[in-house]
Amino acid sequence: MITIYVYILDTLADWELGYVTSELNSGRFFKKDTQNVSLKTVSYSKDPIHTMGGLIIVPDCLIEDMVASETSVLLLPGANTWSDPKHGTIIEKASEFLSAGAVVGAICGATAALANVGLLDNRPHTSNGVGFLEMVSPCYKGQSFYIDDMSVADNNLITAGSTGGLLWAKQIIEHLGMFQPNTLEAWYKYFSTGKPEHFFALMQTLPSNNEN
Numbered sequence: 019m020i021t022i023y024v025y026i027l028d029t030l031a032d033w034e035l036g037y038v039t040s041e042l043n044s045g046r047f048f049k050k051d052t053q054n055v056s057l058k059t060v061s062y063s064k065d066p067i068h069t070m071g072g073l074i075i076v077p078d079c080l081i082e083d084m085v086a087s088e089t090s091v092l093l094l095p096g097a098n099t100w101s102d103p104k105h106g107t108i109i110e111k112a113s114e115f116l117s118a119g120a121v122v123g124a125i126c127g128a129t130a131a132l133a134n135v136g137l138l139d140n141r142p143h144t145s146n147g148v149g150f151l152e153m154v155s156p157c158y159k160g161q162s163f164y165i166d167d168m169s170v171a172d173n174n175l176i177t178a179g180s181t182g183g184l185l186w187a188k189q190i191i192e193h194l195g196m197f198q199p200n201t202l203e204a205w206y207k208y209f210s211t212g213k214p215e216h217f218f219a220l221m222q223t224l225p226s227n228n229e230n
């Protein structure tokens with residue numbers, strides 16, 4: 019069983035999670051014999067949070083309920099509220115996840131939270147720009163490891179800027195090995211271009227079609 023923990027907080031940027039959570043939760047394009055997936059929302063309290071898009075989400079569990087292992091994934095979405103000290107506990111948990119070999123995906127404002135505690139100082143990463151990290155993360159010292167790309171995968175740490183949700187999802191799915199390589203490539207081409215030929219190519223890669 020792979021457990022996907024999605025940290026939720028007020029002003030969560032809804033669009034950043036859409037691609038990755040949809041595919042990991044639905045499993046519609048998984049290859050054969052992929053492990054079962056459990057997706058859980060997690061927060062610092064059981065109070066409902068309000069996303070940037072106006073959705074209300076009640077957490078499934080608390081930070082203290084999380085288990086860090088090689089079959090765990092922690093997704094940290096962007097939000098305007100990451101500077102609130104109450105989110106410090108999940109950043110400590112992110113460090114624990116990385117040490118345990120679990121995947122940590124951080125996008126947009128969440129990268130700033132990681133940067134401010136030194137978790138990006140010695141690893142390739144990206145965000146909304148070096149200047150953004152320097153502005154919002156006073157303790158950031160990882161400039162020499164910054165890569166100017168929409169999403170960057172460094173083993174089990176996958177970071178992205180606010181417009182990198184699609185590539186971020188691709189890299190997370192690729193790291194977890196849940197799609198066949200040709201499925202993942204067709205999926206990415208379809209959603210990044212919208213061209214129908216990539217949709218039909220995607221359908222042809224699925225296990226049910228390959229059995230015919």
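Mapped onto the working numbering, the consecutive letters of the sequence shown carry residue numbers 19 to 230. Even glycine gets a Cβ: it sits at the ideal position worked out from N, Cα and C. Remember, predicted model here, so these are calculated numbers, not experimental data.
(request) On a CA-only basis, which of Gly36, Gly127, Asn134, Tyr158 is nearest Ser145? Give me that one, please. (result) Gly127
(request) Could you name the residues that DSSP lists as bridge partners for Ala124? (result) Leu94, Thr177
(request) Compute the Euclidean distance between the alpha carbons of Met168 and Gly71, then round it to the nearest angstrom. (result) 22 Å
(request) Starting from the Cα of Asp28, find the closest Cα among Val148, Thr69, Ile190 and give me that residue. (result) Thr69
(request) Pick out the complete alpha helix (DSSP H) segments inside the region 43-124, 4 residues or longer, and give them in chain order. (result) 106-117
(request) Evaluate Lys58 with the Cβ neighbour count: other Cβ atoms within 10 Å of its Cβ, from every protein chain shown; 16 or more gives buried, anything less gives exposed. (result) exposed
(message) For Asn43, tell me which candidate among Leu137, Ser56, Lys50 has the shortest Cα-Cα distance.
(response) Ser56
(message) Would Ser90 and Ala112 qualify as a contact pair, given that the criterion is a beta-carbon distance under 8 Å?
(response) no
(request) Give me whichever residues DSSP pairs with Val170 in a beta bridge. (result) Thr177
(message) Suppose you measure from the CA of Ser63 to the CA of Leu184; what does that come to, to the nearest Å?
(response) 29 Å
(request) Reducing DSSP to helix, strand and coil, say where Tyr23 ends up. (result) strand
(message) Does Tyr158 come out as helix, strand or coil in the three-state DSSP assignment?
(response) coil
(message) Quick check on this structure: which residue in Cys79, Asn140, Gly123, Asp102 has the alpha carbon closest to the alpha carbon of Pro95?
(response) Gly123
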